[in-house]
Every structure is written in structure tokens, then in C-alpha cells.
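Just so we're aligned: the sequence shown equals residues 1 to 415 in the UniProt record's numbering. For each residue, glycine too, the CB sits at the ideal point set by N, CA and C. Below is one structure; the comments refer to it alone.
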Amino acid sequence: MAPSTISFSPTNLQAKRCQPNGKKLPVFSPLPYSISEIRAAIPPEFFVFSTTRALLTLARDLITTTFFFYLALRIPSLHLPAPFDIYSPLIRAAAWLGYWWFQGLVLTGVWVVGHECGHGAFSPYAWLNDLVGYTLHTLLWTPYFSWKISHHRHHMNHASMERDEVYVPKTRTDLGIPSKEQEKEYGIDWDDYFGDTPIWTLMMLIRQQVLAFPAYLLTNVSGQPDYPPYTNHFSPSSILFKPEQRNAVILSNIGIGSMVFLVSVAVRRWGWWNVIALYGIPWLEVTHWFIMITYLHHTDPVLPHYRAAQWTFARGAAATVDRPFLGWMGRWFLHDVAHYHVVHHFFPKMPYYHTAAATEHLKAFLGEHYCWSDEPIWEALWNSYNKCQFVEDEGGVLFYRDKQGQAVVRAMDEE
């Protein structure tokens, strides 16, 4: 009997992870629809901009971050009355933790607004998109135009092994793992390649969450492996940019340089601790949330990657997953960026405030090809980090293999 074909659906993501290995793995069915067919299934009103609504969203974020900053300035003066004053340091520590959590979320939302601007999804006016996006991303240490350029190519080539810009999987050969033929003949001691202790794995995961975005901007970590060494987002002559884009890269660099100056002035005036506590730690949270959100969007054992013959824009757009990230906080502070990411990959210029309703139409049209997961996000992060190690050197449709060389889904062209 032929194996049953199983694709994405709102209910089977976790079930597929639990399937047995070997030839009984569920078979992946690539998306059969074109982008024009999918576009026709989405009502046109979901592509309409409201500059007023976008500006109100931005104003809400800026007012909220200012309010939290105002509260944080009063944390050092928090004291309980006697005889409970002995607990005042604990109260202040808890207040700082609360500030860092919520200010980090709000500033991540501010970064998301800048991301919307980069897609032209904030307003129909290109000048307003770039003015707002440049300002917001510069304040959060992101070179706006440089990242906008590479991020656009990521969307145009998502899940393509040859052309995607970020989260490109390592292959068996990249990691020096013997070929499948050698594995069948001699076997492999997988611990030689992936035998790290859980504590070391956790340390590497924390390193990823804190440093991955700056490392990507500076050294192309997790980017397209075919790019030359020293590829980065700050050199106007980088392979990432066309000659006509170099002035925009320079403008982005001027913005980052201005932040170096402003932060150095702030440190001289208010001291390292105040700058780190009020701004530095919330900014580190922005990089953490951004990496966690995007990593979980694009990295899961059931998400395919494609080589040239099998890749289409629509298939690449479908190769991502929606997650109820942080519940109501993700929806309110992060502007649905994680909850409704699939529709964003199909239509990057769709305003964020339409993505929830548009996703219902997308789900109805895609059916089992729509991917959603309610796995707790911290569990999902740990699972994906451990289970998504490499893909095969050959094949048109590829799935991650874990630390034992096992996949949870197989493509039709696999034996």
C-alpha cells in the first residue's frame, strides 16, 4: 500500500514529529498553488493601507516605552516602610526585572514597526516609510536600508537553498558527516558530531539568542554560505548590495555611527549602569525576541527547504509556521508578527492589522498546506535547536535531520 501523503495542517504539526523513522515516515506533498491563485483568495480590502492607524500604533508604542522609562527612573527610590525596609532591595530587583521584560517587548514592537516600514507596509508613502523605519531601526542599532535590502531578498527567495539570505541549513558535507552511502556501509557514531552535553547545548542556545543578530549583520552568520568571507551589512561594496544601493548603505552607517556618539554621551553624563539598565538590557531583549521569533518561524523539522528545480515563491512562502507567541502580549506588544507570519511571507506589503483576518482566508484556501503550531515557544525553541542540525546534500525537497541523522518527514523523491 502506498504511504499516505501528509502535509501541513493546523492540527498535525506535533503529530508528525512523533511518527516512526525509516520508510514509514509521512510523505510531504509540496504546495501545488501559484501565488496568483493564492492572491485571488484574499479579499482586496486586506491590502488597503491606513496611515492614520499605523501612526496611532507607533504613537501607542512610543507613549508606552516613555511611560515605562518614567517608571524605571523611580525604581532606585523604592523603599518599603519600616520594619519591612529590609525587603526593599528585593522589591527594587523585581521592579527592574519587570521593567526589562515589558520594555524589551515594547521596543521589540517598535522594531517590528520599523520592519513594516521596510516592507512598505506602514504607509502608501515611500518617504514616510523610510523616514519612520530609518529612525526606529537606527535607535535600535539596526542599519535600516542595509537590512531592508537583504531582508527583501530573503522574502523573494525564502526556503531556497541557493538564494535565501538567512537561516540557510547546513548540509551533511558542510558538517563533515560521511555520505549516506558511507553511513549505510560503515555506520556513523553520531556522538562524534553532535554529542554535546545538555548544559553546553543550552549555553550555545543562549549565545545564539544574544549574539545571532549582531553576528549576522557583522559576519553573515547563518546567511547564504556561497557568499565570500567577511560579507556584512556595513560595507557599501559588500556582495549584498548593488552599486546603486551603496549610498543607502552609507546612510545606514551614518545612523549607527550617530548612535555610537549618542550612547557615549549618555554614558559620560549618566554612567554605565544607568545606560545599561535603562537602555542596554531592553535592547538585548529586542535582539533576543527578534531572533527567537524569526528562528521559530523558519526552523522546524517539518518545514521544507528547496533546491532550484523544486522551489517556487509560493512554496517558499508556505515554508514557515504561525505560532501563538507569548499569547496576548505577543499580539499587543509585537503586533501579531509571530501569530500571523505565514500570510506575511505570501504578502509582505499587507499591513499587520489585516493579517489576522487575512490568515483565515489563507487557511481556508491552503488547507493542509498551512502550517501552525501551538507548541509552547520555549519548548519549541529547545526542540528545534536540537532537532534541526543539517539537511542532505542531494534532493529537491529537504528536511532537517536531528543529532541521530533522522528526519520526521520525507520528500516524495526520497527512497
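When DSSP labels each residue in this structure, what does residue i get in the three-state scheme?
i: residue 335; result: coil
i: residue 163; result: coil
i: residue 305; result: strand
i: residue 372; result: strand
i: residue 402; result: coil
i: residue 176; result: coil
i: residue 312; result: coil
i: residue 84; result: helix
i: residue 234; result: coil
i: residue 223; result: strand
i: residue 322; result: strand
i: residue 142; result: coil
i: residue 342; result: helix
i: residue 417; result: In the structure displayed, the chain extends from 1 to 415; residue 417 sits before or after that span and is not available.
i: residue 27; result: strand
i: residue 110; result: helix
i: residue 46; result: helix
i: residue 241; result: coil
i: residue 390; result: strand
i: residue 168; result: coil
i: residue 252; result: helix
i: residue 397; result: strand
i: residue 257; result: helix
i: residue 21; result: Legend: pLDDT at residue 21 = 44, less than 50; position of this residue unreliable, no value from coordinates given.
i: residue 152; result: helix
i: residue 79; result: coil
How would you write the range of the alpha helix (DSSP H) that residue i sits in, first residue to last?
i: residue 282; result: 281-298
i: residue 196; result: It is not in any alpha helix (DSSP H) - residue 196 carries neither H nor E in the DSSP assignment.
i: residue 39; result: 35-40
i: residue 133; result: 126-139
i: residue 385; result: 377-387
i: residue 57; result: 51-72
i: residue 355; result: 355-366
i: residue 190; result: Per DSSP, residue 190 belongs to no alpha helix (DSSP H) and is neither H nor E.
i: residue 157; result: No alpha helix (DSSP H) contains residue 157, which DSSP labels as neither H nor E.
Ordered along the chain, which non-local residues of its own chain (more than five positions away) have a Cβ less than 8 Å from that of residue i?
i: residue 191; result: none
i: residue 259; result: 138, 139, 141
i: residue 285; result: 100, 101, 103, 104, 105, 107, 108
i: residue 381; result: 205, 292, 295, 296
i: residue 398; result: 161, 169, 304, 305, 306, 307, 391, 392, 411
i: residue 203; result: none
i: residue 235; result: 249
i: residue 75; result: 92, 95, 96, 99
i: residue 167; result: 222, 294, 295, 298, 299
Sorted by chain position, which residues of the same chain lie with C-beta nearer than 6 Å to residue i's C-beta, five sequence neighbours on each side aside?
i: residue 215; result: 221
i: residue 133; result: 114, 117, 118, 144
i: residue 337; result: 112
i: residue 319; result: 159, 303, 304
My understanding is that residue i touches residue j, with C-beta atoms under 8 Å, so please give their C-beta distance in whole angstroms.
i: residue 99; j: residue 71; result: 7 Å
i: residue 370; j: residue 363; result: 5 Å
i: residue 169; j: residue 391; result: 5 Å
i: residue 317; j: residue 158; result: 6 Å
i: residue 239; j: residue 225; result: Wrong, their Cβ atoms sit about 12 Å apart, outside the cutoff.
i: residue 361; j: residue 42; result: 5 Å
i: residue 287; j: residue 210; result: 7 Å
i: residue 386; j: residue 201; result: 7 Å
i: residue 356; j: residue 350; result: Contact flag wrong, Cβ pair sits at about 11 Å.
Spatial neighbours of residue i within its chain, please: CB distance less than 7 Å, with the 5 preceding and 5 following residues excluded, ordered by chain position.
i: residue 33; result: 314
i: residue 290; result: 108, 111, 213
i: residue 116; result: 122, 352
i: residue 106; result: 61, 64, 65, 68, 333
i: residue 282; result: 100, 103, 104, 107
i: residue 21; result: Because residue 21 sits at a pLDDT of 44, beneath the cut-off of 50, its placement in the model cannot be relied upon, and the point is left open.
i: residue 389; result: 194, 400, 401, 402, 403
Measuring only between beta-carbons, confirm whether residue i sits less than 8 Å from chain B.
i: residue 338; result: Note that chain B does not occur in the displayed structure, where there is just one protein chain.
Worksheet item: Does the region 260-277 come close enough to the region 78-90 to have 3 or more Cβ pairs within less than 8 Å?
Response: At 8 Å Cβ cutoff, the stretches do not touch.
Worksheet item: Any chance the region 292-302 sits against the region 397-412, with 3 or more Cβ pairs inside 8 Å?
Response: Yes, the region 292-302 is in contact with the region 397-412.
Worksheet item: Does the count of Cβ pairs from the region 42-60 and the region 335-351 closer than 8 Å reach three?
Response: The region 42-60 vs the region 335-351: in contact.
Discussion item. Under 8 Å: do the region 145-161 and the region 241-258 share three or more Cβ pairs, one atom per stretch?
Written reply: Output reads yes: the region 241-258 touches the region 145-161.
Worksheet item: Is there contact here, the region 159-178 with the region 305-319, by at least three beta-carbon pairs under 8 Å?
Response: At 8 Å Cβ cutoff, the stretches touch.
Worksheet item: Does the region 313-332 come close enough to the region 176-196 that 3 or more CB-CB pairs lie under 8 Å?
Response: Flag = no, the region 176-196 and the region 313-332 do not touch.
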